[in-house]
Amino acid sequence: MYAPEFDRLLACLADVFRDEGRVEADRTVNALLTTPAPQSIGKRTLGDLDAEIGVVLAASRHPAARAVLAAQCLVPWGTNPVAGQMKDDATAICAVAELLGPDAPVPAPDLRVGLLYQRPDSYYPLHNHDADETYAILAGSALWTAGGDVRQRGAGELIHHPSLMPHAFRTGPEGMVALYRWSGDINAHSYAFLDDPAVRAV
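Throughout, our numbering is defined as the position within the sequence shown, counted from one, plus 1.
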């Protein structure tokens, strides 16, 4: 058992994926709800980044956004795990908190679940990876590219990326907090940034 706020957070995140309709989503729900805690999760001192994320979360009515906000001192926000493959200006626009995975607070050998915060008026470049992925926007919005589908996406929307589908996100003035899950081949070394017309045009 985790801290009560963290348990509530995991339950809310499981609810997001419960109706996705994919076997991998059902496995993720089960892992979030039944994986025993290997160790206690310590509370962090909140900083400027947490305040920035909190502003986006507080403006959302999504139940999972409220749960993230309530558990903020237990959420391990940090640098994007693939920061080494990104340019410095791209690294600065986001923070990631992996909650379930091989090296996450909730251990899982073949699944990943985490949170992405992306700063206002920023662009996360076109990229892909081996894993199948589903995103759920919890707060804020973004102009979302998923293969050839480009449209504005907001809180409550689910977006699925099959393995190797190119995808990218451009936030507006409020920024965005999104939940992601990976299944299939969840290796991180396949994560690759692609030739991106949106970047070349800048």
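Here a beta-carbon is modelled for each residue, glycine too, at the ideal position from N, C-alpha and C.
Tell me whether glutamate 134 sits in a helix, a strand or coil according to DSSP, three-state version. strand
Hey, asparagine 81 and valine 107 are a contact pair by Cβ (cut 8 angstroms); roughly how many whole angstroms apart? The pair is not a contact, with the Cβ atoms about 19 angstroms apart (cut-off 8 angstroms).
Taking the Cβ atom as the reference point for each residue, do threonine 146 and histidine 168 lie within a distance shorter than 8 angstroms? yes
If the criterion is Cβ atoms closer than 8 angstroms, does the pair leucine 159 and glutamate 21 meet it? yes
What does the alpha-carbon distance come out to for the pair cysteine 95 and threonine 35? 30 angstroms
Exposed or buried, what is glycine 176 when buried is set at 16 or more other beta-carbons lying within 10 Å of its beta-carbon? buried
Quick check on aspartate 196: buried or exposed, where buried means 16 or more other Cβ atoms within 10 Å of its Cβ? exposed
When you compare the CB positions of arginine 120 and cysteine 74, do they come within less than 8 angstroms of one another, or not? no
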